[in-house]
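Under this note's numbering, the letters of the sequence shown match residues 1 to 383, in that order.
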Amino acid sequence: MNLDKETIRKIRGLIVFTIVVLMIIWNYKVFFGLLGYVLNIILPFLIGGAIAFVLNVPMHFIEENVFGNKTVKKNKFLQKIARPISLVMTILFVFGIVFLVVFIVAPELANTVAGLGKTIQMFIPELQRWAEDIFHNNKEILGWIQNLEFDWDKMIAGGIDFFRNGAGSVLDSTFAMAKSIVNGITTFAIAFIFACYILLQKEKLNIQVKKLGYAFIPRDWMEIFIAISSMAYKTFSSFLTGQCVEAIILGSMFFVTMSIFKMPYALLVGVLIAFTALIPIFGAFIGCAVGTVLIFMVNPLQSIGFLILFFVLQQIEGNLIYPHVVGNSVGLPSIWVLVAVSVGGSLMGIVGMLVFIPISSVVYTLLRGIVNRRLQRRKIKVE
């Protein structure tokens with residue numbers, strides 16, 4: 001049997017690949033240890049890439065809307081400083097939000113949580129009296145409720161004791177804790193600087209990656225890779241932008257309406273719903289459940305009003321705000337959104353819920369295109 005050079009080259013590559021796979025299986029502990037070591041080295045750069053991706057969304061918006069007009073494009077100096085100024089404005093915007101949360105919202109939330117302890121302590125005797133009227137014939141339930149105690153100070157002391165002793169045993173010593181903090185700060189600093197370099201030179205990096213790809217990967221495969229990467233970027237950025245804006249709007253709506261109706265914990269519930277609304281489908285309902293419990297402890301009647309308010313605002317958000325803010329940018333039917341959230345949550349928790357929707361959208365779009373092309377070739381029309 002005569003074999004040409006191309007066939008021999010493929011067989012040789014297959015043999016080498018098989019040997020490498022067998023060696024990895026045979027020495028899997030060494031392989032995973034080496035993989036963990038490599039990942040630990042490149043971790044700052046992976047984090048930096050993620051930071052750059054997130055910051056690029058508002059930076060691109062600023063660049064297009066502030067420096068995208070014809071006057072700026074004709075001025076070479078303004079064109080040169082447009083990117084650095086857009087990056088600085090983006091960083092100031094992000095740090096402004098962090099400052100707002102840390103120095104304005106956080107103290108208010110701390111006061112709310114401190115008051116929450118007193119509210120629970122006052123609520124338990126009322127709950128016991130209410131339960132006695134309902135379960136006066138059931139001694140077991142009545143005995144359990146009467147023994148119910150809540151000591152907020154003891155809980156805080158227990159938490160402090162855990163961080164003092166439990167965390168100390170995990171970290172072994174104060175030196176280990178300090179080392180861990182320094183490593184974390186160093187990793188973040190490297191990642192942040194790397195992200196800034198990516199954002200300032202993203203076009204140049206894009207060209208370099210394309211050159212590298214075309215040099216070592218077949219042209220057809222490289223063009224497919226570029227098309228998929230472009231689709232993934234558009235899907236992820238649209239989903240990220242829409243989800244964040246929608247969460248802020250929903251949280252603000254709850255804060256304003258609860259303040260108007262003089263419901264307790266307006267700021268706490270508003271912030272909670274804004275954060276949980278980032279989780280598609282289930283998020284807002286988690287915030288609703290916590291908010292209902294908190295308000296019920298203060299005023300059971302108002303908790304019913306809060307539930308009614310929640311469902312009204314959810315209808316407004318689902319029918320008016322979400323379609324206009326997020327729209328059909330993800331392009332994924334509702335049933336597959338539910339599947340993506342469930343699978344992502346099972347595998348990676350909250351991060352998986354957020355990431356799996358745009359990933360599933362990209363896979364869905366690619367699979368739909370492949371299926372439609374194959375049906376066209378076979379001249380099959382499915383109604």
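Don't be surprised by glycine CBs; every beta carbon is placed ideally from N, CA and C.
> Which stretch, first to last residue, makes up the alpha helix (DSSP H) that contains Phe275?
Replying inline: Ala266 to Thr276
> My guess is that Val57 and Ser237 are in contact by the Cβ rule of under 8 Å, so how many angstroms apart are they, rounded?
Replying inline: 5 Å
> For Arg44, does the three-state DSSP call read helix, strand or coil?
Replying inline: In the sequence as displayed, the identity of residue 44 is Pro instead of Arg. Three-state result, Pro44: helix.
>> Quick check on the DSSP output: the alpha helix (DSSP H) that includes Phe95 runs from which residue to which?
In response: Lys76 to Leu100
> When the Cα of Phe239 is compared with those of Ala215, Phe356, Phe296 and Ser180, which residue comes out closest?
Replying inline: Phe356
>> Between which two residues does the alpha helix (DSSP H) holding Glu223 run?
In response: Arg219 to Ile260
> Got a sec: does the ligand PLP put a non-hydrogen atom nearer than 8 Å to the Cβ of Ile42?
Replying inline: With respect to the ligand PLP, the structure offers nothing, as it holds no ligand at all.
> So what's Arg378 in DSSP terms, helix, strand or just coil?
Replying inline: coil
>> Taking the straight line between their C-alpha atoms, what separation do you get for Ser342 and Ile279?
In response: 11 Å
> Using DSSP with H/G/I as helix, E/B as strand and the rest coil, what is Gly68?
Replying inline: coil
> Considering only residues of the same chain and omitting the five flanking positions on each side of Tyr214, which have a CB-CB separation below 7 Å?
Replying inline: Met222
> Does DSSP classify Phe282 as helix, strand or coil?
Replying inline: coil
>> What would DSSP say about Pro300, mapped onto helix, strand or coil?
In response: helix
> Can you tell me where the alpha helix (DSSP H) with Asn206 in it begins and where it stops?
Replying inline: Lys202 to Phe216
> Any idea what DSSP makes of Asn56, helix, strand or coil?
Replying inline: helix
>> Between Pro44, Val54, Phe45 and Gly33, which has its C-alpha nearest Thr235's C-alpha?
In response: Val54
> Among Ser360, Leu22 and Leu43, which has the Cα closest to the Cα of Asn183?
Replying inline: Leu43
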